[in-house]
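Asker: For the sequence shown, numbering that gives the first Met the number 0 gives the first residue as 0, with consecutive numbering after it.
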Amino acid sequence: MVVIDSGAPRNAPAAGVHGFLSRDGMKPEELLAAGRREVLSYGGTLIDGEAVSARRTPDGFDVMTDDGRRISGRRLLVTTGLTDELPPIEGLRDQWGKGVVHCPYCHGWEIRGRRIGVLGTGPLSIHQALLFRQWSSELTLFLNDTVEPTDEEWEKLAARSITVVDGPVATVDAVDGLLRGITLRSGRSFDVEALAVASRLEARSHLLESLGLALQPHPSGAGRFVEADPTGGATAVHGVYAAGNVTNLMAQVVTAAADGVMSGARINADLIEEETRWAVEGRFGLFSAASEDTVFKAVVGQRRHGLEVREL
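1) Taking DSSP as the reference, what is the three-state secondary structure of Phe189?
2) Do you know whose CA, among Arg22, Val51 and Trp134, lies nearest Arg203's CA?
3) Per DSSP, Thr139 is paired with what?
4) Just to confirm, is the Cβ distance from Ala213 to Val225 under 9 Å?
5) Can you tell me whether DSSP reads Met25 as helix, strand or coil?
6) Rounding to the nearest angstrom, what Cα-Cα distance links Leu200 and Ala278 in this structure?
7) Following the continuous alpha helix (DSSP H) through Leu207, name the residue where it begins and the one where it ends.
8) Closer than 7 Å by C-beta to Met261: which residues in its own chain qualify, once you throw out the five before and the five after it? Chain order, please.
9) From the DSSP secondary-structure annotation, give me the bridge partner or partners of Pro216.
10) So the beta strand (DSSP E) Ala241 belongs to, where does it begin and stop?
11) Tell me whether Ile125 sits in a helix, a strand or coil according to DSSP, three-state version.
12) If we require 4 or more residues per run, which alpha helix (DSSP H) segments fall completely within the region 0 to 76?
13) Which residues bound the beta strand (DSSP E) around Asp83?
14) Please list the terminal residues of the continuous alpha helix (DSSP H) segment that includes Ala105.
15) May I ask you to verify whether the region 267 to 281 touches the region 247 to 256, counting CB pairs closer than 8 Å and requiring at least 3?
16) Under 9 Å between the Cβ atoms of Thr64 and Ala242?
17) Which residues share a DSSP beta bridge with Gly180?
18) Can you name the residues that DSSP bridges to Trp95?
19) Residues bridged to Val196 by DSSP?
20) Does the region 121 to 128 come close enough to the region 139 to 153 that 3 or more CB-CB pairs lie under 8 Å?
21) Classify Asp258: buried if its beta carbon has 16 or more other beta carbons within 10 angstroms, exposed otherwise.
22) Ala233 bridges to which residues according to DSSP?
23) Buried or exposed: where does Asp172 fall if 16 or more other Cβ atoms within 10 Å of its Cβ makes it buried?
24) Among the residues of its own chain, which have a CB less than 8 Å from the CB of Leu178, if the five just before and after it don't count?
25) Near Gly24, which residues of its chain fall below 6 Å by C-beta distance, leaving aside the five closest residues on each side in sequence?
26) What residues match up with Glu201 in a beta bridge as DSSP calls it?
27) Mind checking who Glu280 pairs with in its DSSP beta bridge?
28) In whole angstroms, what is the alpha-carbon distance linking Asp150 and Val163?
29) Let me know the secondary structure DSSP gives Glu147 once reduced to three states.
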């Protein structure tokens, strides 16, 4: 087994991993280091780098890395994750993974009781505001000239005492690295201590696209992903599997890890099926011992060493 890893996980900006039983609060780089040690302990090979393209070969696949190396294998598991595309608002990217969060299940506990803002980026922002409302009674939804609530959604926001602010956001403001507020283009400012943003989720698909697999729009409208069998990660290209956020945009760390386990098991079963088929072909193939014996009996019959043998 060969693992190609660039060492730059999606959650690198976060202070800790959450929702992963027994690993809660663990720094992303520590979780990555632990995983690398486990790969080596089982005899795997680690290659530092980024896989940039792949092609099919008679024996499986060749994967090219960003530094020109070629890695060959019989099966290919792609876990390239996704990219969070954020609105071009000054200061927003700097606070990503710090004062700016995206998931109430990953970060809600850490920002509970604070003044929370929700930045409007699309239809899912209202749902996001309702989710984060459980963590604070001081929650403000900034429509940002992007979100237009329906009458039913206005009722829900009012019923949950969520403040709604109209107008485009100009800046995300921080003091000494800590998020302190939001400023609209009108110049009006609001004090917030945390900001939830529903980023657009774009699967990192360049490797899969080099094999003919294309991105598909996610049914939720949250972004684009690569389709794969949810029970084992098989894609439309035989021998190519996908796991984690590249095919499951909403997967948390523990979910992505579980996807990897299922895909690994399916790949193992696939390889065993292939090797068993080879064994059967070797036993009954054109030049196997069994086939040679069958041909010999058909041609020679009861003759041995040129003599015909008859039973008395």
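Beta carbons: idealized from backbone N, C-alpha and C, even for Gly.
If you're wondering where the values come from, they're calculated on a predicted model, not measured in any experiment.
Answerer: Once the coordinates are examined:
1) strand
2) Val51
3) Gly116 and Thr162
4) yes
5) coil
6) 44 Å
7) His205 to Glu208
8) Thr230, Gly231 and Gly232
9) Arg223
10) Val239 to Ala241
11) helix
12) 27 to 40
13) Leu81 to Glu84
14) Just to set this straight, residue 105 is Cys in the shown sequence, not Ala. Run containing Cys105: Pro103 to His106, per the alpha helix (DSSP H) assignment.
15) no
16) no
17) Asp172 and Asp190
18) Val99
19) Leu118
20) yes
21) buried
22) Tyr240
23) buried
24) Gln94, Lys97, Gly98, Val99, Val171, Asp172, Val191, Glu192, Ala193 and Leu194
25) Gly15
26) Thr82 and Arg223
27) DSSP, once it has assigned bridges, lists no residue as partnering Glu280.
28) 14 Å
29) coil
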